[in-house]
Each structure stands twice: as structure tokens, then as C-alpha cells.
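Protein sequence lines, in the order shown, are assigned to chains A and B. Numbered according to my numbering, the first sequence spans residues 1 to 279. Numbered according to my numbering, the second sequence spans residues 1 to 279. Beta carbons are placed, not taken as given, at the ideal position from N, Cα and C, and that holds for glycine. Values in this document were obtained by computation on a predicted structure and should not be read as measured data.
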Amino acid sequence: MTVRVADVVDENPIVEHPQPTSFKGKVPPVAVELLDVHKTLGGREVLSGLSLQVYRGETFAIIGGSGQGKSVTLKHIVGLLAPDRGVARVNGLAVNGRSDHLSEIRRQIGYLFQEGALLRSITVFENVALPLREHEKLAQKQIEERVMNKLALVRLADAAAKYPSELSGGMRKRASLARAIVRDPSIILYDEPTSGLDPVTSSTINDLILDLQRKLGVTSILVTHDMASAFRVAHRMGMLLGGKLIKIGTPEEFKTSEDPVIRQFIHGESEGPLTREAP
Amino acid sequence: MVSRPSEPNGVAAFLASIPIVGMIYRRIAAMNAWFENACDGAGHALDLLAHSLRALASAHKKTDAIVLQTYKAVFGSLVIVFLTALFSGMILALQTGIELQRYNQESSIGYLVPVAMFREMGPVMTAISLAGLIGATYAAELGTMKVSEELDALEVMSIDPVYFLAMPRMIALSLSATALTLIANIIGSVGGAVVGQAYLNVDAGLYFRNAETLLAAKDVFGGLLKALVFAVTISTIACSQGMRAEHGAEGVGTATMRTVVYSFTYILMFDYLIGWALY
């Protein structure tokens, strides 16, 4: 089966970026902006003119199949990858501009990696405490307070003394989330937050994402192919295909979309334009 | 990033379709990719070395990590260093003693063995043991961290992986190599004395008196300088290979193998160059 990405993209030109409808007419400032981002990795163009604006305080879900460049998009936002062409901005600062800008940008961002990416040689407590120890001059008692507070928020206070290898997949993700939020970032990036988790644990993670948005007002961008998760937590979502966002809209607009590509993806159908054989 | 031979296109594709031309094209492309990778690897290692040296200014903040890594390097290799040094000294004494016996000069092994140990065998055998034991461990550790996104996680938290991981290892290996080389020099010299006493009827007292006569401060400190250079070389290669590891477990294995092979090669190269410069 061959995905005819070029055909699909041609049939679905890039849409205008609708502003979030959940802000009652007020247009909040842009927190994250990608403009015409191109990126080639291993000889393959993964992003080909991706443009995206995420507004402050909203939760934006990027959906799309495997290998469509979802994680690559997140890595551009946090400066782990530099665009071949185009620009990524966070709160108005160019991600690949001055090095002190990058440091300031990363200070504002928490990143939940797909597999957690906890340092295996230290305990959960030490993992969460690491950004505080490295960047903030806090007394041990203050560090303990903040770390335990975040661990309690992700319901992992009991696992503070454990090593990452002693945790389940869901616990590792929650521990990683505690580390991501320990310095109270204004933006959180979630890379496949529910992949590989059972439905109950997935639901717990979704609740945490919603909690963080509601209680702390953070801007969230999650990449996922878990449609239930995307529909539940996102204010807006965009579908990535062929290195571009082929549609941006509210979850409701996606659910009612007549676009056969969108329909096939969100319903997980095996037959359709995404899986049509090339002639 | 490992570059691969690019696919030919246009006229190149036509020429490549001719069997012999195609074969030559693929060979040249493979050589080109190999050369690019080699240059890329060397550039990365030199950049990492320069970065680690700059990070030495903040070494006092990583005292705990340096002490821990030194402890691991010394106690993780002490037995092997002890045995290799002991047998190196014994072999040197046996082989030179047998030849010198023909001229009734076997008592001269006291001049030969300790000097050879302090100048050459001690630093080289210790460095080879450290490359196989500790260098390989560093490459595997950092390689695993790379492929499991732990290094990316550090970067996202604005924690410089070179400052956090490579610099403490470079200092620890330098301290360990220097101390272990000194121990190896003494053990090897004692091994020579034992063989002299047991098989060549050379009095141990005479052996050490002869050693004392010939052994100069330059031999001792020249050997320790070699140990320091070898340690920096091993840690740079190991950390660079680990940090460039790709493609999961296979990539970690390749990084480990390359660390050992490249370290052995550079140890011998630098050994000759320092020997040539000093003597």
C-alpha cells in the first residue's frame, strides 16, 4: 500500500488559520508560530512549508500518521532542530536566532517526550529536581517542596524514590510531565502523550493535560494519533500530511468534516485516499 | 548525522544504469559518504574537546559527578591495570633477560625494564585497559542516552550535555589514568624484579639500584603526560561517539566498537608523537 501524499496534499490546499473560538471574540497573542518551515531529514523532505500559529492559553493538537513530521514539528519549536527554510518563533523570539533567546525560550517551555526521556541513572525525585538544581538557587527544602508538589499533581508522590526502570509506561510519562512543569513553563509540548498506554492511564494523562491548561493557563501543543485524546483536550487541531497542515479547525469541525482524507484518518479506516495504491 | 550515498538523478542516473559505470559510481559515492562521515566525526570530536575544555571553568559545580566517575574508573579498572602492568613488566624482564644472558648482561634488566615501564608500557597498557573498560562504558552510556532522547531532554532543560556529562568524565578519566599509570609503572617494575630474581638470578636490590641510577624525572613525568593525553583522547572519542549514536541498540554497539578501535589507534599514534617530541 502506498500513501499518495502528493496527491492528497494537492487536493487539500493549505487552509487559512482560523482563530480559536473559545476565547469569546478576543484574539489572544500568538505564543508559538511556525512560518513556511521546510526540513529535510535523511534525504526526505519531512516538512515542506509548514505554517502554524498557536495562541496563548490554547491547547492545539497536531494529528497525522506515523512519519508525517509531528515530532519534528515539536523539535523545531524547542530548537532541537533548525529549519532548512522558514522560521519558528516562541512568544515573538526566533528559536534559531541568538543563543540567549534560545535559552529564554526553553525556560518557557516544558517538553514531554514520547518515551519520557527520564535520566535512568537517577531517581524520579532527582529527575524532577534536576532543572531546579541546575538553574535556580533554591535551598534543598524549597527544592523538595516544589518537586513533591509537582509529583503530587501528577499523582506520583509515592514513587519519588524509585528509578525510572521501576516505573510503568504511564508512570514514566507522568514523571516526565512533572519534570516538564517543575519550573512552571508557560508552554508545554506533548509528544504522543498517550501512545502505548492503556485506556485508563490515557484518560489520566488527558485529565492532567486539561488540569494544567485550566489551572495554570498554559499553552499546550500535543502531537498524537490518538483521536480520542485529541478530541478531548484540544481547542483546535490540525492535520499534518505531506509536510503541511492540510486542515486546521476545532474538534467539532474535524468530526463533521466531509474531507475523505480527514474522515479516513479520524475514523481509522483502512480504505481511502491515504492508503490508495499509486497508479 | 550519518550521510548515505545519495541517489543519482538526471544524467548521473542514466550513467549509473550502465553496469560498470554504475558500479564505479556507487563505489565513489560510498567513498564520498565514508569521507564525509569521517570528517564529520573528527569535527564533532574536536568541537566536543574544545567545548569540554571551555566547560572546565565550571568544573567546581560538578564535583560530585567528577568524584563518582573517578571512583568508577579507578575501581572499575584497577584489577585489569594491575594484571596487565604486572605481566608487561614480567614479559619485558623475561625476554630482554634471556637475550642479555647470552652476553652475561642479565643484571642490566634493572636499567631496561623500569625505564620501559615508566616511558612506554605503563602509560600505554593502562590507556588500552581504560579504553576497553571505561571508554567503551562511556560510549555505551551516552549512546543509550542519545537514542532514548535523554540528551535531547537535557538540552530542552537548557542543561548543556557536554558540561553535564562529557566534562566530568574527561576530568575523571584524566585523574584516574594518571594515578593508575603511576601504579602500573611501579607494579610492572616490581614484576620485572620478581622475574629477574626468580629466573635470571638478578638480585632485586641490584635491580632497583640500577633502576634508580637510570630512571630520570623526565621518564616519570613524560609517562604521566602521555597518560593525561591518552585519557583526554579516550574520553573525547568515547563521548563524541556516544553523543552521535543513532539507530537504537545497533548504533550504540557501533559507537562502542568505534570508541575502542579509534582509541587504540590514537593512543599508539600519540605515544609515538610524544615519545618523538620528548626523547
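Which same chain residues, not among the five before or five after residue i, have their C-beta less than 7 Å away from its C-beta?
{"i": "Thr-201(A)", "result": "Gly-170"}
{"i": "Leu-177(A)", "result": "Leu-112, Val-154 and Leu-208"}
{"i": "Gly-132(B)", "result": "Val-260"}
{"i": "Thr-21(A)", "result": "The predicted position of Thr-21(A) is uncertain, since its pLDDT is 45 and thus under 50; a value taken from the coordinates is nonetheless stated next. The answer, listed in chain order, is Thr-250."}
{"i": "Asn-91(A)", "result": "Ala-31 and Gln-108"}
{"i": "Ala-184(B)", "result": "Val-81, Ala-85, Gly-122, Met-125 and Thr-126"}
{"i": "Gln-264(A)", "result": "Gly-272, Pro-273 and Leu-274"}
{"i": "Ser-263(B)", "result": "Ala-131, Gly-135, Thr-233, Ile-234 and Ile-237"}
{"i": "Leu-138(A)", "result": "Leu-132"}
{"i": "Ala-157(A)", "result": "Met-148 and Leu-151"}
Between residue i and the rest of its own chain, which residues show a CB-CB distance below 6 Å, the 5 nearest in sequence each way excluded?
{"i": "Ala-204(B)", "result": "Ala-193 and Gln-197"}
{"i": "Ala-227(B)", "result": "Pro-123, Ala-177, Thr-178 and Thr-181"}
{"i": "Thr-70(B)", "result": "Ala-172, Leu-175 and Ser-176"}
{"i": "Asn-96(A)", "result": "Ala-82"}
{"i": "Gly-238(A)", "result": "Ile-62, Leu-245 and Ile-248"}
{"i": "Pro-114(B)", "result": "Ser-189, Ala-211 and Leu-215"}
{"i": "Ala-73(B)", "result": "Ile-134, Ala-172, Leu-173 and Ser-176"}
{"i": "Thr-96(B)", "result": "Ile-109 and Leu-112"}
{"i": "Gly-79(A)", "result": "Val-95 and Leu-102"}
{"i": "Gly-143(B)", "result": "Gly-242, Ala-245, Val-252 and Ala-255"}
With 16 as the cutoff for other CB atoms within 10 Å, does residue i come out buried or exposed?
{"i": "Thr-40(A)", "result": "exposed"}
{"i": "Val-190(B)", "result": "buried"}
{"i": "Asp-47(B)", "result": "exposed"}
{"i": "Pro-199(A)", "result": "exposed"}
{"i": "Glu-106(B)", "result": "buried"}
{"i": "Lys-62(B)", "result": "buried"}
{"i": "Cys-239(B)", "result": "buried"}
{"i": "Gly-42(A)", "result": "exposed"}
{"i": "Gly-10(B)", "result": "exposed"}
{"i": "His-235(A)", "result": "buried"}
{"i": "Asp-152(B)", "result": "buried"}
{"i": "Ser-129(B)", "result": "buried"}
{"i": "Gly-248(B)", "result": "exposed"}
{"i": "Val-131(A)", "result": "According to the sequence provided, residue 131(A) is Pro. The question's Val does not apply to it. Label assigned to Pro-131(A): buried."}
{"i": "Leu-154(B)", "result": "buried"}
{"i": "Asn-201(B)", "result": "exposed"}
{"i": "Met-117(B)", "result": "buried"}
{"i": "Ala-245(B)", "result": "buried"}
{"i": "Ser-52(B)", "result": "buried"}
{"i": "Ala-228(A)", "result": "exposed"}
{"i": "Met-23(B)", "result": "exposed"}
{"i": "Leu-240(A)", "result": "buried"}
Note down, in chain order, every chain B residue with its Cβ under 9 Å from the Cβ of residue i.
{"i": "Pro-131(A)", "result": "Met-157, Ser-158 and Ile-159"}
{"i": "Tyr-111(A)", "result": "Asp-152, Ala-153, Val-156 and Met-157"}
{"i": "Glu-115(A)", "result": "Ser-148 and Glu-149"}
{"i": "Ser-103(A)", "result": "Ser-158"}
Name the chain B residues whose beta carbon is nearer than 7 Å to that of residue i?
{"i": "Ala-82(A)", "result": "In chain order: nothing, as chain B lies at least about 12 Å away."}
{"i": "Arg-107(A)", "result": "Ser-158"}
{"i": "Val-78(A)", "result": "Val-156"}
{"i": "Ser-66(A)", "result": "Ordered by position in chain B, no residue passes the 7 Å Cβ test against Ser-66(A), which lies about 16 Å from the chain."}
Give me the DSSP bridge partner(s) of residue i.
{"i": "Asp-191(A)", "result": "Val-223(A)"}
{"i": "Gly-53(A)", "result": "One point to set straight first is that residue 53(A) is Gln, not Gly, in the sequence displayed. In the DSSP output, where bridge partners are listed per residue, Gln-53(A) has Glu-33(A)."}
{"i": "Gly-86(A)", "result": "Beta-bridge pairing links Gly-86(A) to no other residue."}
{"i": "Ile-63(A)", "result": "Thr-224(A) and Met-239(A)"}
{"i": "Leu-112(A)", "result": "Tyr-190(A)"}
{"i": "Gly-249(A)", "result": "Met-237(A)"}
{"i": "Leu-130(A)", "result": "Paired residue(s): none; Leu-130(A) is not in a bridge."}
{"i": "Ser-48(A)", "result": "His-38(A)"}
{"i": "Lys-244(A)", "result": "Leu-241(A)"}
Ignore the nearest five residues each way along the sequence and tell me which others in residue i's own chain have a CB closer than 8 Å to its CB.
{"i": "His-101(A)", "result": "Leu-93, Ala-94 and Val-95"}
{"i": "Arg-119(B)", "result": "Asp-219, Gly-222, Gly-223, Gly-275 and Tyr-279"}
{"i": "His-76(A)", "result": "Leu-34, Val-37, Lys-39, Leu-47, Ala-82, Pro-83, Ala-88 and Val-95"}
{"i": "Ser-195(A)", "result": "Gln-114, Thr-224, His-225 and Asp-226"}
Between residue i and chain D, is any beta-carbon pair separated by less than 9 Å?
{"i": "Leu-50(A)", "result": "This model lacks chain D altogether; the protein chains it does include are A and B."}
**Item:** Positions along the stretch 138-153 of chain B whose CB lies within less than 7 Å of some CB in chain A
**Value:** Ser-148, Glu-149, Glu-150, Asp-152 and Ala-153
**Prompt:** Which residues, in order along the stretch 155-167 of chain B, keep a beta-carbon less than 9 Å from a beta-carbon of chain A?
**Reply:** Glu-155, Val-156, Met-157, Ser-158, Ile-159 and Phe-164
**Interface positions of the stretch 117-129 of chain A facing chain B (Cβ-Cβ less than 7 Å), listed along the chain** = Ala-117 and Leu-119
**Prompt:** For the stretch 133-145 of chain A, which residues have a beta carbon sitting closer than 9 Å to at least one beta carbon of chain B?
**Reply:** Glu-134 and His-135
**Message:** By the 7 Å beta-carbon criterion, what residues does the stretch 177-208 of chain A contribute toward chain B?
**Reply:** none
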